[in-house]
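>
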Amino acid sequence: MSMNNQGRPSAPVDTGGVAEHPTFTGNKALAMEEPLLFETGRMDVCGVDLDEPEDFAPALGNHARKAVPDLPALTEPEAMRHYVRLSSKNYAIDAGLYPLGSCTMKHNPRLNEKMARLPGFGDIHPMQPLSTVPGAVELIAELAHWLVTMTGMSAVAMSPKAGAHGELCGMMAIKAAHTAAGRDPKIVLVPESAHGTNPATAALLGYKVVAIAAREDGTVDPAAVKARIAEHEGDIAGIMLTNPNTCGLFERDIIAMAEAIHAADGYFYCDGANFNAIVGKARPGDLGVDAMHINLHKTFSTPHGGGGPGAGPVVLSERLAPFAPLPFLRKEGDGITWVESESELKDGERPFGRMTAFHGQMGMYVRALAYMKSHGADGLKQASEDAVLNANYVRVGLQDLMSLPFGQRWCMHEVLFDDSFLKDTGVTTLDFAKAMIDEGYHPMTMYFPLVVHGAMLIEPTESESRSSLDLFIATMRDLVMSAQKGETGRFKGAPFHAPRGRLDETRAARSPVLKWERPTSRDVQPQAAE
Amino acid sequence: MRYLPLSETDRTDMLARVGISDIDEIFVDIPKSARIDGLLDLPRRQGEFAVERDMSRMAGKNVAASSVPFFVGAGAYKHHVPASVDHLIQRSEFLTSYTPYQPEVTQGTLQYLFEFQTQVAALTGMEVANASMYDGSTGTAEAVLMAHRVTRRNKAVLSGGLHPHYRQVVEGLSSMAGDRVEALGADPSGTEDILAAIDEETSCVVVQSPSVYGHLIDLKPIAEKAHAHGALLIAVFTEVVSLGLVESPGAQGADIVVGEGQSIGNGLNFGGPYVGLFATRQKFIRQMPGRLCGETVDSNGKRGFVLTLSTREQHIRRDKATSNICTNSGLCCLAFTIHMTLLGGNGLAKLARINHANAVKLKGMLEIVPGVSVVNDTFFNEFTVKLPKPAHGVVEALADKGVLGGVPVSRLEPGKSALENLLLVAASEVNSHEDRAAFVTALKEVLA
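This is the structure:
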């Protein structure tokens, strides 16, 4: 029997032309406003059932906290509602195309999540005896094998916690190698198109960053590299190059640049952020790379999680392999040893130190390996090819309307436009991006790379179907034509349909409010500790 | 391939649309000598079931913490995480979202980061907290760099009670960056005189409480001496649950508080991903590393949140940035903040009392085992046990008997004979009386 026994089927009603009333709550049906948890939480509820311990003699000395932390709680049903409502205010890959160039928002397979939660991976302690975790060491060794095979490198430092941490690790290995050779060069070359983390990493280690301008076609000119090397002869620590680069182009003279830097006793650090374009197509080791981090959260699909956690293992050339930080894998015949301390070192092993307390991002290793095993050598190659094909399909679909800064040429996994197609429309790159939000798309990467004016970097990834790309292209074309027709209203105040309109970032930075403060007239007093 | 939506027909049609017949024509810029002919020497694709079977086989070789009496700590702790936490962090809208650079469509992430910052500030007793670091150890290294920026000095003094791995992370980065580190010797008794090491060249003093050996350290005199010499006190913790019961570092005068947040909301995961907590005084915010979320209003005057003060960060400042960090521990922050929301301040305090009570009980049971003594007078949920023989072998023998009985200090500080017999033992709310009894029985057998 049906539960719907009202007997009054609904039907559209003539509203007399009134489209929308403001609501009393500020909610709009499924779009709910949600206060801060501190505004609905209370000090006298708890979402976890805990039994007060029996009497015991504390051993805190005179260090007991005088008042409990002033933090209200929510019970479980309240917490569920709070966070589910917050989640509804987020854009996500699972909800739509997320064309952030340089970020690789591809599908995150749920098998990977399930595997990471197996108790034998998720519920093991980094400091329990290694004899009780042989499967963990086996997994790390297998992932390491996939990584060095894909990249054609000699070794991999697994522990870096994110891409930028991997950069730091790679550059520390380079510095350690110079020190071991009795050298102390001061210069690191970094193209202007590089991610900001590259110069920041080099500077962190005390290096002076010398920028290399991009040439007309968006790639790095080997003549410029050689000129900088000559200017700083004897003082070159290395170069940090991204390949494919941040303009979405493969650096076709990469081998010549690698040879030049090696001839100057420098090392070639490759930012591996865009490795996803060439997995199975080319191996960085064959291009002269000495160190390259791999963003497991990009190329190998571990979730971005709203900004982390990432994982950034660094593959190393034979020259840098001895300097890999602790802990590292040692392979001897069929045996694998997880080397944790200097007391276990053998001849030739010269770790420069330690990047983090434990073994790195095990939870991400599990997910990445599940992804690799699922794809296999054939699927990984296909994924790269599809990512590149999708990007070029978008490029071809938009190049007559939008402007390509480097002309009509093949791109890799992402396509870069500049803002000259918006000239004299009164619409900026930012306006254009915000109008995309109203159409149901997350904007592409904007104003990066810095070498292109009003840059718009689109990376569709291999996860998009053809029909999804067709709709995206059609929508982008509609928006471009609308801007060029002078329909600025669609753009200037956009987004109009998002959970929030444009936010005042200047105000946020001028007088920062970085946490909730309890209203001064305290209606709830925190309880004293017992 | 189940993750790739393009069909062969799509590929053929799309290649035609871009004007070619073979995908390799697009990869023309890759030098011929470097192109891969055929496939990499790796296994072929596998279906979901095959991958699951293969990986479950590996996982099955490991002893999971929940399956045995478990007393391992030393920087990562086994706690119970409510089921709702893991459910919520797997919502697509959280799991598969990017860094909230477009605040209009990422208010969910931004609001929980704001809530997270509020919680971390309250727990540490500080004025502001950032949106997290990778983990406690890397956060500590960042704190030292920040202190150097604030004081314009470059010598850090590290307590001998600091987790040795944290010390190594700081030392590694400092030596590469050309900064100085004075690390005091291992302090298993909790009696070092760190005040004597502070001088006019000191940028910061780094003190962990509870120390890696479990001692609760009085931070006030250290803060006073540091401040008198123009230095900062960096207070470190590895067990955030302790802040429910132990006086906050902020109340004791710390300038930067940094620590590991794994215990709340996050599983052990063999060491990562974890979540570094980082808090400081308002006056230092422009020298802080990492992301910050701030409150503002939108074009309609409604409250909203944005990432702010990004002029400190690498994507704006490049080689002048305060740090090279580019991510935070987003989803681990979310897990932390949900679990913390379920607990609230009072719940955390009660959880901390349970942890402390279980540690007190365990201490009482262990110290009557013949030949065994406990080093600590004060502790929270972890303490140092002195055994009559090297701890490494004892731990292995305990594992053979199905008890994971702690971390030998020699694993953290290898090659130091004075530390060889010391064992770090941690208790938490997951330990039952039966677990403790099994530990004691096994220890007696191993030492007999």
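Top to bottom, those sequences are chains W and X. Taking the working numbering, the leading residue of the first sequence gets 596, the next gets one more, and so forth. Taking the working numbering, the leading residue of the second sequence gets 101, the next gets one more, and so forth. Virtual Cβ for every residue (Gly too), placed ideally from N, Cα, C. On a predicted model such as this, the values are computed, not experimentally measured, just so you know.
1. Are the CB atoms of Ala759/W and Ile416/X nearer to each other than 7 Å?
2. Going by DSSP, name the residue or residues bridged to Phe1012/W.
3. Quick check: the Cα distance between Ala518/X and Pro288/X, rounded to an integer number of angstroms?
4. Measure the alpha-carbon distance for Leu725/W versus Met957/W and round it to whole angstroms.
5. Are the region 618 to 636 of chain W and the region 324 to 332 of chain X touching, with three or more C-beta to C-beta distances below 8 Å?
6. Is it right to say Phe539/X is buried, meaning 16 or more other beta carbons lie within 10 angstroms of its own, or is it exposed?
7. According to DSSP, simplified to helix, strand and coil, what is Arg117/X?
8. From Phe370/X, Leu319/X and Val406/X, pick the residue whose C-alpha is nearest to that of Asp41/X; which is it?
9. Are there 16 or more other CB atoms within 10 angstroms of the CB of Arg1095/W, so buried, or fewer, so exposed?
10. Could you pull out every residue in the same chain whose Cβ sits closer than 6 Å to the Cβ of Arg536/X, ignoring the five residues on either side in sequence?
11. Between Lys1080/W, Phe1012/W and Leu1066/W, which has its C-alpha nearest Glu1034/W's C-alpha?
12. According to the neighbour-count rule (16 or more other Cβ atoms, all chains shown, within 10 Å of its Cβ), is Asp500/X buried or exposed?
13. What's the gap between the Cα of Phe863/W and the Cα of Gly791/W?
14. Which residue spans inside the region 803 to 874 of chain W form an unbroken beta strand (DSSP E) run of at least 3?
15. Which same chain residues, not among the five before or five after Ala1124/W, have their C-beta less than 8 Å away from its C-beta?
16. When the distance is taken between beta carbons, is Pro922/W closer than 7 Å to Trp933/W?
17. Which term fits Ser979/W, buried or exposed, when burial requires 16 or more other beta carbons within 10 angstroms of its beta carbon?
18. Output the boundary residues of the alpha helix (DSSP H) element that contains Pro672/W.
19. For a test of the three-state rule: what should DSSP assign to Gly515/X, helix, strand or coil?
20. Scan the region 716 to 737 of chain W for residues whose Cβ lies nearer than 7 Å to a Cβ of chain X and list them as they occur along the chain.
21. My output table needs one value for Lys926/W: the three-state DSSP class, helix, strand or coil.
22. So the beta strand (DSSP E) Gly404/X belongs to, where does it begin and stop?
23. Ser1058/W by DSSP, collapsed to three states: which one?
24. For Gln956/W, would you say it is in contact with chain X, using Cβ-to-Cβ distances shorter than 7 Å as the test?
25. What does the Cβ neighbour count give for Pro904/W, buried or exposed, with the cut at 16 atoms within 10 Å?
26. Looking at the C-beta of Met596/W, does it have a partner C-beta in chain X at a distance below 7 Å?
27. Return no unless some Cβ of chain W is closer than 7 Å to the Cβ of Ser197/X.
28. Looking only at its own chain, which residues have a Cβ that is under 8 Å from the Cβ of Pro490/X, when we skip the five neighbours before and after it?
29. Please list the terminal residues of the continuous beta strand (DSSP E) segment that includes Phe337/X.
30. Sorted by chain position, which residues of the same chain lie with C-beta nearer than 6 Å to Arg1117/W's C-beta, five sequence neighbours on each side aside?
31. Beta carbon of Met959/W, beta carbon of Thr894/W: below 7 Å?
32. Run through the DSSP bridge pairs and tell me what Cys393/X is partnered with.
33. Pick helix, strand or coil for Met967/W, following the three-state DSSP scheme.
34. By Cβ distance, which residues of its chain are closer than 6 Å to Pro794/W, with the 5 residues on each side in sequence left out?
35. Show which residues of chain W have a CB atom less than 7 Å away from the CB atom of Ala296/X.
36. Could you tell me the distance, in whole angstroms, from the CA atom of Thr112/X to the CA atom of Met101/X?
In short:
1. Against a cut-off of 7 Å, the Cβ pair of Ile416/X and Ala759/W comes out as no contact.
2. Met1051/W
3. 10 Å
4. 14 Å
5. no
6. buried
7. The answer is helix: DSSP assigns Arg117/X an H, G or I state.
8. No answer is possible for residue 41/X: it lies beyond the span of chain X, which begins at 101 and ends at 548.
9. buried
10. Leu462 and Met465
11. Leu1066/W
12. exposed
13. 18 Å
14. If we require 3 residues or more, the beta strand (DSSP E) runs fully inside the region 803 to 874 of chain W come out as 803 to 807, 831 to 837 and 862 to 866.
15. Legend: pLDDT at Ala1124/W = 41, less than 50; position of this residue unreliable, no value from coordinates given.
16. yes
17. buried
18. Glu671 to Ser682
19. coil
20. Phe716, Gly717, Asp718, Ile719, His720, Pro721, Met722, Gln723, Pro724, Ser726, Thr727, Val728, Pro729, Gly730, Ala731, Glu733 and Leu734
21. strand
22. Arg403 to Leu407
23. If DSSP states are grouped into helix, strand and coil, Ser1058/W belongs with coil.
24. yes
25. buried
26. Confidence is the limiting factor: at Met596/W the pLDDT is only 48, short of 50, which leaves the residue's position unreliable, though a coordinate-based value still follows. Taking Cβ atoms only, chain X never reaches closer than 7 Å to Met596/W, which makes this a no.
27. With 7 Å as the cut-off, Ser197/X counts as an interface residue toward chain W.
28. Excluding positions up to five away in sequence, the list reads Pro508, Ser510, Glu520 and Asn521.
29. Leu332 to Phe337
30. For Arg1117/W, the pLDDT reaches just 48, beneath the cut-off of 50, and the residue's location in the model is therefore unreliable, although a value from the coordinates is still provided. Result list for Arg1117/W: empty, nothing under 6 Å.
31. no
32. Leu407/X
33. Of the three classes helix, strand and coil, the one that applies to Met967/W here is helix, per DSSP.
34. Closer than 6 Å at Cβ, skipping near neighbours: Val785 and Val804.
35. Proximity of chain W to Ala296/X at the Cβ level (cut-off 7 Å) is not reached, the minimal Cβ distance being about 22 Å.
36. 16 Å
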